[in-house]
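Just so you know, the sequences run in chain order Y and W. Sequential numbering from 1 applies to the first sequence in the numbering used here. Sequential numbering from 741 applies to the second sequence in the numbering used here. This report refers to the structure that appears directly beneath it.
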Amino acid sequence: MDSPNEHPPTDPLTKNNLQPFFVLHKASKSSESTARSPRKPSKRRLDSSPKVSLNNENMKENLKMEAFRCVWSKIDSSIKDVLRSINADVFDEIGRWVRESFNAICSCRGPVDTSKSSLPYPFVHNGGIVRNLFTGLVFTKNIETVDDILTFAELGLNLKSRGCYVANISSLDFSTKNGIGGCLRAFLRQLLMVDIEAADVSLLVSWYSDHGKYEKPVVVIIEDMERCSGALLSDFVNMLSEWSVKIPIILIAGVATSTDALRNLLTSHALQYLSTSTFFLKSPSERLDAIIEAVLVKNCAGFSVGHKVASFLRNYFLRQDGTVTSFVRALKMAIVQQLSVEPLSFVLKFLVDEGDNKRSCCEDLADMSEELIKHAFELPSYRTYSVNRNNHVELNAMSLCQGLSELQRLQELWRSRLMCLHEAGRYHKVALLDLYLEALDPESYNSRLSNHDRDSAKDKSLLSNNDKLFRLQKAEVTNQVIRKIRDLPAAKLSQLLKSWERLTEGTIEVHEKIIELQSQMVSEDVKSHKAELTDISKRHINRCRLNKEKDACTSNDKAMTLAGQTIRDNMLPIECMPFHELICFKDVDNLQSALIGDPRRRIQIDLLNFYKILKCGCCSNSGGTLSPSMHDTSIMYLLAQEYGDLINLHDWFQSFKVSISSSGKKGLKKLASPKKRKDNTYSQNNSDALIQARFCRAVMELQITGVICVMARCGGVTDELLNQNYVKEATRCHRMVKII
Amino acid sequence: MDEDEIEVEEFGFLRNYFLAKELGSSKKKSARKLSEIDLVDEEELREVAANIEPKHEKEVNDLISSYKSLYSEWLFAIRCGFALLMYGFGSKKALIEDFTTRSLTEYSVVVVNGYLQSINLKQVVITLAELLWDQLKLQRKTTSGSLSKTQQPFNTRSMADLLAFLDRPDLEVEECFVCILVHNIDGPGLRDSDSQQCLASIAACSHVRMVASIDHVNAPLLWDKKMVHTQFDWYWCHVPTFAPYKVEAMFFPFILAHGGSAQSVKTASIVLQSLTPNAQNVFKVLAEHQLAHPDEEGMPINNLYTTCRERFLVSSQVTLNSHLTEFKDHELIKTKRNSDGQDCLCIPLTNEALQKLIAEINLIEFLIQEREITQQQL
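Right, dumping it as structure tokens:
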């Protein structure tokens, strides 16, 4: 088998290797013929191709790509919609404030005199000089600015649509290296649409008097104010304030910490010109909840993740990264991996399509090769399902299609029940993320089922329904939410029932029960109301009240029982459904390794466990202890483990020499006795030069990986030792290598 | 946070304590010097190193070949908009170039050798833009569209302009991208933050896909979250190859070669620069003596004092002693007793290194004088 390293030349002196960059190849002409046209409907492609052609790798790739585009564009747009709607209120508020500020600027500005427009201090109504700069502080509630890049871009668009000139400037433009000119350039580039080397405000003024005609405000958005250089920002504020009436500039700054940030950053001179207002964005966990609801729970694209993946994503968000951006990235990665690993997962495309396209799913599946169809029926989930049900169906595209629609139906049920729980949880501020995670857990579902079976076998009178309900293991948050339904006041309960009614439309049985419960509550209400009106005797009223409370209790209990029951009956986690492998991503390890590379750990493990990766017979037997057959760099690294922070090069070299020359299991013990080492007659297959060269190369490789760094001198504990050698023979002074 | 810091600090102290103990007890062993080894010439070393017979060649080849099964997954990730980041022990140059030659044939590929010392990223971006332009022209021909012909040549455009071209949202053809392959994106020529920012902006362009490799364990420290999540958008691939770092190590010095003298000349010259001109001259007197009398054990202190007085470098023994203490503190000189029982001073450098050092100090002195003269003239 030819190895890849035979193809490109590996001679270090090859011209290409010494060039900073070169063109490896240009796009081949085949790309024009196969240039992808994703917008074309896939159906034609599928129809026109005979069954065999699906085996063709290219076709498979195209199907995968198409499915990815469909699924991801759907998810991406719904995420953007969610974020847009979550910010809508704040954006409205900001828009109103911008308008008000603009009006305030206009009101203090006198009649416009274009002949004087190029001078900073302007024509002011009352003769005074106004240098007020209206500043909106947008608190992001998140120290990671990465999530808010999109928010501020959206804010910019939103303000543009409200008739403002907008420039988005990031902290990178406020670097001390470029000076004030840098941020001004970025500012002008966005407004004037030209790249100007010598940026000057007067350019902006003349542009504004030509284009703006003093009718629109200019909004400058700085995404991450805290990261800007304070001195530069102060200068910028000073400069803008000088022109603030002539060009109605309004500043909007993203603040991650608190209002103190402004005081810490700006000089008091600049600070006095700011007239600030504050706005608050939603917190990252609120945004994440909204995204999960829109994408994973409401399942806008048919794609789903398994319990382990979901808990990994949750933990990564809560404990490590804390940004919604990385969550979205992980989701995208999961889709890519699902489509890469599961050949049939392109069916996701059919689940995204709505209406007529859905019907074509069966036709499209019918066009697929038998091999692929067979693959679907060999999935573990289907096997378990068919064994349990003793189910014998014909293994063809039709039954696969039915299986898929059944999968969707069950998903729909699961979704509506989860949303019911979420509605109930809202009253106690329970995060959807937690409920979602528990609802995905196949173990907790199975334990719920087994508990139920056991309980129903027992004498029913011994256990009340409620007790049975709470015998759910693991699902703590779910239990809590259900239990708290009992404490809901009547008004909230009826509100909850109303939302349940909406959510359970389609499942007649549960829907009916909810309506029954609602009508029961209404009739009780009417009864007590009537009683209050007609019967004035106090005793009766008291009794009515008592009854009412009792009834309320029973309604709450009934609602609680209903919730428990419907969860047990209908909330089947996706991993318990047949064919779920096609649309549900479960490979958490793969996702984790693609999402979070861990070079620091992995490279060191590569060196220590190289024999496991290389699978060589000679070193595997030694089980990690030194043997001459090992990779030189691994030997060196293993030897380095024997030392502390500092390694004596001489000793290291000698140890290495012994290790590669010794046959059999000789190793570290030998290294401690240099005298013995000297006496040792090496099997002189390797010349000294070769050993030295191998040693040098191994040290270089360890330097490249960064696990050691070579030091000329060392301070601290080794000073004494160093002095002796350094003075005696400085050119070959005993050098130390530091392990980091 | 505070508690953690304290814990870390405590751990550090404990560790240092035991290390010091350990080193103290094994003083003899650790004091051994490289000079005890019969070192071969650097040239010979390099020659031999170039022809080292690889170990486990078959297994390494098998391992690298086994990654071929991942090519389709990688290609798919690239097409979906991710950038591949290869890491793991061993040179990944051949593997990645093989992947790009086999799987990315439909896209133009530019290779950047990050292991080299200096790389002009602007030139890289210009090449990328030209390639994209060519690719677009080809595709337009087939789709009978037309691109605006009034194009400013790319090499006269600004970086922002070029990046804007690579990120053009208005191109009708989807999935038209050029690929940039960066070997050692953590290499010496790209390690500064400006280069990384620039690479991040390149990677973020909609018509560019990046494949890169890292070798250093701490490479991720080069990037902040914005770069990682929104610009590079890395898809990490752990691909240890155990292939020798032949090309990447081209510019690394051989640790057993005479590289040491360069290092000590450099440190000594830095120390000397920080001293007064008189002190420097005293050192020069000592150095000249040592060069003139290579066989002697050193310069007797009395002789040094006399010569320095003659040249008006010191006025008294006290001044000379203060200079000498300074030299000793910085390990520039050593005191020895010669056969006559006199205290002698010597510089612990070879003659060759000493000559280099003197030349370096003279040059610096000359430059300083030049500058002073120019300033006076101005």
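Idealized CB from N, CA, C, for every residue including glycine.
Taking 8 Å as the cut-off, the beta carbon of Y/V324 is found no closer than this to the beta carbon of Y/I292.
Against chain W, the CB of Y/N17 has a partner CB under 8 Å away; the residue lies at that interface. In the DSSP assignment, the residues bridged to Y/S275 are Y/F134.
For W/S941, the enclosing alpha helix (DSSP H) stretches over residues S933 to A944. Against chain W, the CB of Y/L649 has a partner CB under 8 Å away; the residue lies at that interface. Looking at Y/A330, Y/I249 and Y/G163, the one whose alpha-carbon comes closest to that of Y/G136 is Y/I249. With a cutoff of 8 Å on beta-carbon distance, Y/G706 and W/H978 are scored as not near each other. When the five nearest sequence neighbours on each side are left out, the beta carbons in the same chain lying within less than 7 Å of the beta carbon of W/K832 are those of M826, S953, V979 and T981, in order along the chain.
Taking the Cα of Y/C183 as reference, the smallest distance to any Cα among Y/L192, Y/S170 and Y/K558 is reached at Y/S170. By alpha-carbon distance to Y/R185, the top candidate from Y/S175, Y/S555, Y/K177 and Y/D200 is Y/D200. At a cut-off of 8 Å between beta carbons, W/Q875 contacts chain Y. Taking a cut-off of 8 Å on C-beta distances, the segment 77-89 of chain Y does not touch the segment 914-930 of chain W, as fewer than three cross pairs fall below it. Taking a C-beta distance under 8 Å as the contact criterion, Y/L614 and W/H796 qualify as a contact pair. Collapsing the DSSP output to three states places Y/S244 in coil.
By the rule that beta-carbons nearer than 8 Å mark a contact, W/H1063 does not touch chain Y. Out of W/T867, W/F972, W/K1024 and W/P993, the CA that lies nearest to the CA of W/E783 is found in W/P993. Counting C-beta pairs with one atom in each stretch, the segment 130-150 of chain Y and the segment 214-230 of chain Y have three or more that are closer than 8 Å, which means they touch. Going by C-alpha positions, Y/A198 is about 29 Å away from Y/L155. A Cβ-Cβ contact shorter than 8 Å links Y/F187 with Y/V220.
By the criterion of at least three beta-carbon pairs nearer than 8 Å, the segment 267-274 of chain Y is not in contact with the segment 155-168 of chain Y. In the DSSP assignment, W/I818 is bridged to no other residue. Neighbours of Y/K216 in chain W, taken as residues whose beta carbon is under 8 Å from its own, are absent, since the nearest beta carbon is some 25 Å off. Taking C-beta separations shorter than 8 Å and ignoring five residues to either side along the sequence, the partners of W/Q971 in its chain run A940, S941, A943 and A944, following chain order.
Distances from the alpha-carbon of Y/F134 to those of Y/V98, Y/L172, Y/N178 and Y/V255 put Y/V98 closest.
Sequence-distant partners of Y/T145 (beyond 5 residues in either direction) whose C-beta falls short of 6 Å from its own C-beta, in its chain, are D224.
If you draw a straight line from the Cα of W/Q1057 to the Cα of W/V1022, it is about 12 Å long. Around the C-beta of Y/D606, 16 or more other C-beta atoms lie within 10 Å, and the residue is accordingly described as buried. Selection Y/L488, Y/S627 and Y/S519 evaluated against Y/M560 yields Y/L488 as nearest (Cα-Cα). Against chain Y, the beta carbon of W/W974 has neighbours under 8 Å at G597, listed in chain order. Contacts with chain Y at 8 Å (Cβ-Cβ) include W/Y847. Assigned with DSSP and collapsed to three states, Y/V220 falls in strand. Think of a sphere of 9 Å around the beta carbon of W/S858: the chain Y residues whose beta carbon falls inside it are P20, in chain order. Burial of W/G854 is indicated by the presence of at least 16 other C-beta atoms within 10 angstroms of its C-beta. Membership of Y/F579 in any alpha helix (DSSP H) is not indicated, and neither H nor E is assigned to it by DSSP.
When the beta-carbon positions are compared, W/L921 and W/V850 come within less than 8 Å of each other. For W/C820, a Cβ of chain Y is located within less than 8 Å of the residue's own Cβ.
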